[in-house]
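Have a look at the structure below, then the notes.
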Amino acid sequence: MKKIIYYLTFLFTFTLFSAQDSLQSKKIITKDTKFGLALSGGGAKGFAHIGILKVIDSLGIKVDYITGTSMGGILGGLYAMGYSGDSLKEVVYNTKWKRVLSNKIPYNKVNISEKDEYNKYIIEFPMTNGLPSLPGSYIEGQYMSEVLNTLTFPAKHINDFSKLPIPVELTSSDIINGGLIMQKKGSLALAIRATLAIPAAFAPVYIDGNLLVDGGLDRNFPVKEVKDMGADYIMGGYTGFRLFTKKEIENPMKMIYQTHAFRSVQDFNEQKKMSDILVDFVTPLNKYTTKDFKNYKEIIKIGEDEAKKHLPEFIALANEQRRLGIVYEHKMIQEVKKPTIQFTYSEDNGTPLTNPSEIQSIRDLMRLKEGEYYDAKSANEAIDRIFGMRQYEKVYYTYTDAGEGLIMNIFIKRVKNSALKLALHYDTEQSVGIIVNYTYRSIEHKFRALATVDISERFKGRIQFQKFLDNDFRWWISAEASTSHLKSNDFILRLTNDYNELDNARISDYIYRNSNINTAINYTLAPNAMASMGIEYNTERINRSIDRIGQIISGTNDRKVYQHNNFDMFFKFNQNSLNEKYYPTSGNNLQILSTYYFGHQYNLYDLQKVQPALYDYLNPSDPAYFRPKNMISLVINENFVFPVNKRLSVKANAFLGTFFSSRNTGEDQEQIPYLFFNQKYNLGGSEYNFSGLNPEFNGFRQKEFPVNSFAKLGLDVQYKLYKHLYLTPSFHYGRVSDELSSFKNGADILGYGLNLGYESILGPININVSKNDAINFWRVYFSIGFKF
């Protein structure tokens, strides 16, 4: 009987205090107990740790020490600053992970002198000893560094991580000498950047002379390390590796992965023995990979659900802390607004820069002064101005606390002097081609030279040189030579010469060949605006593309039709703040160009005998024409993109192309001005024209409708259907004229169309259908890839 009473008493006591007894059976907690949190790496799967942090916050559990690896290092480092689980969830939701995980920066942060070559190629190979080589890593992480510096900016003055609200240490691995290195001091942003530097995917990071990568190589779940910091009771989250099955490792990539996973899984089995509360996310996250950043919402939700399954353990811990009077209020660290009293300049590996000219150029581009306080936005914009010149693969900064102020340390990693770049393209009007580019840069002499060819049936080529004349990259000279051999879409040429009148048979197509050489002096008004003044020599030709049957029908094998050479002087202004080169959602691009033409020479060969109708169209001496004197053109092309919401944006376009000229009093007022081909405005095409001279217009092929003057209003409504897929209806109104002004004897044109666009790794993909009331039938256009 006594045994029964004793047993019932014990059972009642166990039931009443089950949570507390369960907790204390594992470890005795006292007022002096220190509590640690260890968060594993796992790439995108590491978002699940937010679930643990939210539970800790909701219960008011005190954390004394934190260790983290990779994504666990990001979340752990930010949590140590004072970010809450909810605020970290918001950070993940609002971060543009596609951009973070790329080498690209927003288009509006690229200097105006570099915009023409930015984001035009699929792949770039740095040249080493004259031969193409593979990049050292896929992602340098320029934008990632900016994001991390922004998030950690309130703690920039803290160089000892034990001084953070919660002391934290982040794992990293020495990729040269081997071994685990715990990041305890220095720049928190840089330490976080090092712990997530997955080899070959992210560029390694130099810290204190060591080349560091993801700490997961040595310790993916740093429980021992948080214990070494002083933790007695350890909470942990593990999202790391699992071993594949025999069937799964038939995949060679998974076989390679498995060889690394063995060590990590074995180490985890040892580390988890030291954990008091362990949330193991491996099985629930089984279908996700380290690269699934796009699935952050689902991963966070799984993390929240799994953490809740361990609520009894967390509640028991919280209750025990309160019983012992252990209280912690988790608050964000307050920024100390100290002035920047000194700047240092070093290479990525820590070697101080010694070239005074390079240092002065960096200073001039940053536009920051000693003795001033700068917030995160100002500091990041200064770095963007340097990186936007594209002379460096990476530019980042750290701060060192100097007591009365801060030292801002600037680090740079130079691009290779030369690079080989490749791109592919196809469209239904000019066929397929491979674009090959060779670019050479000299940072010391501040110049860039490049050569680009489009290896295709429609050959194009360009050689370009530009050199800056001052340290702050304001004044620069440029020279360029280019040539293009394209199938002419000229509507009037086709009407005039497509068919033999007697036999009603097709004679030929036309090839339009244009070559020019120009040189200019340029001034950068702002990173997104420039003005240029220069001189250009242009030569243009039209040749027939005649097959044997065409030669017999036409009675000639002469391919020459038209040639014209001239000089011109030009003034150009360009302001471009579009946030994306393709499918922009905000910003504007304003182009103003004024040109004075002179030195015209032309040859119409034997058109008067062979093709009289074409001769009448191309002959400046025809009685229907007069030749304008002292003619100056003016082009104004404004594209403004306004974001309505995250999915919808509206693009408004206004274009004016007109001429100013004197006219002899004896000339017939019924005559119309004669303009050569390179003076006309060639309407047509559905894709954005970066030159600004040949405005796109619905229902026409590219450069199909040449006119003397033109005014246009356009409205495009761009809707993001899904991720990188855009649907864009467009409406164009234009006024064309054979006169020098479209407002004199002009005719109206109305066009409308629909474009389906996709931003792919090969470049933009567009399917467009459009129509206008001048050519009253639907046109379909397809293109893929980056343009020349």
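Residue numbering for the sequence shown is -19 to -1, 1 to 769, as defined by mature numbering (1 follows the signal peptide of the UniProt record, and there is no 0).
Glycine included, each C-beta is placed from N, C-alpha and C at the ideal position.
- Item | Three CB pairs or more closer than 8 angstroms across the region 359 to 371 and the region 91 to 101 | The region 359 to 371, when compared against the region 91 to 101, does touch it at the 8 angstroms Cβ threshold.
- By a C-beta neighbour count over all protein chains shown, 10 Å radius and 16 as the cutoff for buried, is V625 buried or exposed? Counting Cβ neighbours within 10 Å, V625 comes out exposed, since fewer than 16 surround it.
- Of the residues K632, N110, V434 and Q592, which one's Cα is nearest the Cα of N398? Ranked by how close their Cα comes to the Cα of N398, the residues K632, N110, V434 and Q592 have N110 in first place.
- Query: Which stretch, first to last residue, makes up the beta strand (DSSP E) that contains E740?
  - Reply: According to the DSSP assignment, E740 belongs to the beta strand (DSSP E) that extends over A728 to S741.
- Message: What residue range does the beta strand (DSSP E) around N584 cover?
- Response: Annotation for N584: the continuous beta strand (DSSP E) segment containing it runs G568 to N584.
- Item | Strand pairing of F641, partner residues [DSSP] | Beta bridge pairing from DSSP links F641 with I613.
- Using DSSP with H/G/I as helix, E/B as strand and the rest coil, what is K752? In the structure shown, K752 sits in a strand (DSSP, three-state: E or B).
- Under the three-state reduction of DSSP, which class applies to D597: helix, strand or coil? Helix, per DSSP.
- Task: Using only alpha-carbon positions, find the residue among G217, S256 and Q315 that is nearest to E287.
- Result: When each option's Cα is compared against that of E287, the closest is G217.
- Item | Distance CB(residue 784)-CB(I258) smaller than 8 angstroms | Residue numbering for the chain in the displayed model covers -19 to 769; residue 784 lies beyond these limits and cannot be assessed.
- Item | Residues that F552 bridges to, as DSSP identifies them | F552 pairs with M514 and S575.
- Query: To which residues of the same chain is L615 closer than 6 angstroms at the C-beta, ignoring the five residues directly before and after it?
  - Reply: So the list reads S575 and T639, once near-sequence residues are dropped.
- Message: Only counting the same chain, and skipping five residues up and downstream in sequence, which positions put a Cβ closer than 6 angstroms to that of G665?
- Response: Closer than 6 angstroms at Cβ, skipping near neighbours: F678, F681, R682, Q683, K684, E685 and F686.
- Task: Ignore the nearest five residues each way along the sequence and tell me which others in V91's own chain have a CB closer than 6 angstroms to its CB.
- Result: Counting only Cβ-Cβ distances below 6 angstroms, and skipping sequence neighbours, we find Y99 and G369.
- Query: What are the partner residues of K166, as DSSP defines its beta bridges?
  - Reply: Answer by DSSP bridge pairing, in chain order: D141.
- Item | P676, DSSP secondary structure in three states | Of the three classes helix, strand and coil, the one that applies to P676 here is coil, per DSSP.
- Hey, how far is the Cα of K254 from the Cα of S126? In a straight line, the C-alpha of K254 is about 35 angstroms away from that of S126.
- Message: Within a Cβ cutoff of 6 angstroms, which residues of the same chain sit near F763, ignoring the five residues on either side of it in sequence?
- Response: Excluding sequence neighbours, F763 sits near T409 and I748.
- Item | Three-state secondary structure assigned by DSSP to G766 | DSSP, read as helix, strand or coil, puts G766 in strand.
- Query: What's the gap between the Cα of L305 and the Cα of F134?
  - Reply: Separation of L305 and F134 (C-alpha to C-alpha, rounded to the nearest whole angstrom) is 35 angstroms.
- Item | Beta-bridge pairing of W457 - partner residues as DSSP gives them | In the DSSP output, where bridge partners are listed per residue, W457 has F449 and N503.
- From L599 to L585, what distance separates their C-alpha atoms? So the alpha carbons of these two residues sit roughly 8 angstroms apart.
- Assign Q323 to one of two classes, buried (16 or more other C-beta atoms within 10 Å of its C-beta) or exposed (fewer than that). Flag for Q323 reads exposed.
- Task: Check the C-beta distance from E461 over to N499 and give it rounded, since I have them as a contact under 8 angstroms.
- Result: Indeed, because the Cβ distance is near 6 angstroms, the residues count as touching under 8 angstroms.
- Query: How many angstroms separate the CA atom of F262 from the CA atom of R344?
  - Reply: Straight-line measurement puts the Cα of R344 at about 48 angstroms from the Cα of F262.
- Query: Less than 8 angstroms separating the beta-carbons of D195 and S168?
  - Reply: Result no, Cβ atoms of D195 and S168 do not sit closer than 8 angstroms.
- Item | Cβ-based neighbour list, A172, same chain, cut-off 6 angstroms, excluding 5 preceding and 5 following | L151 and Q164.
- Item | Other residues of its chain near Y214: CB distance less than 8 angstroms, five sequence neighbours each side excluded | Counting only Cβ-Cβ distances below 8 angstroms, and skipping sequence neighbours, we find K8, I10, T14, K15, F16, G17, D257 and L298.
- Query: According to DSSP, what are the bridge partners of Q315?
  - Reply: Looking at the DSSP assignment, Q315 forms no beta bridge with any residue, so it has no partner.
- Helix, strand or coil at N757 [DSSP, three-state]: The answer is coil: DSSP assigns N757 none of H, G, I, E or B.
- Around the Cβ of N611, are there at least 16 other Cβ atoms within 10 angstroms (buried) or fewer (exposed)? Exposed, by the Cβ-count rule.
- Message: Helix, strand or coil, according to DSSP, for S365 in the structure here?
- Response: A quick correction: the sequence has Asp, not Ser, at residue 365. Correct three-state label for D365: helix.
- Query: Is the region 327 to 334 close to the region 28 to 40, with three or more CB pairs under 8 angstroms?
  - Reply: Judged by Cβ distances under 8 angstroms, the region 327 to 334 makes no contact with the region 28 to 40, as fewer than three pairs qualify.
- Item | Where the beta strand (DSSP E) containing R422 begins and where it ends | Per DSSP, the continuous beta strand (DSSP E) segment holding R422 begins and ends at S412 to S423.
- For L467 versus R439, is the C-beta spacing smaller than 8 angstroms? If you check the CB distance, L467 and R439 come in under 8 angstroms.
- Neighbourhood of N201 by C-beta, 6 angstroms cutoff - its chain only, sequence neighbours within 5 removed: When the five nearest sequence neighbours on each side are left out, the beta carbons in the same chain lying within less than 6 angstroms of the beta carbon of N201 are those of S21, G22, T50, G221 and S245, in order along the chain.
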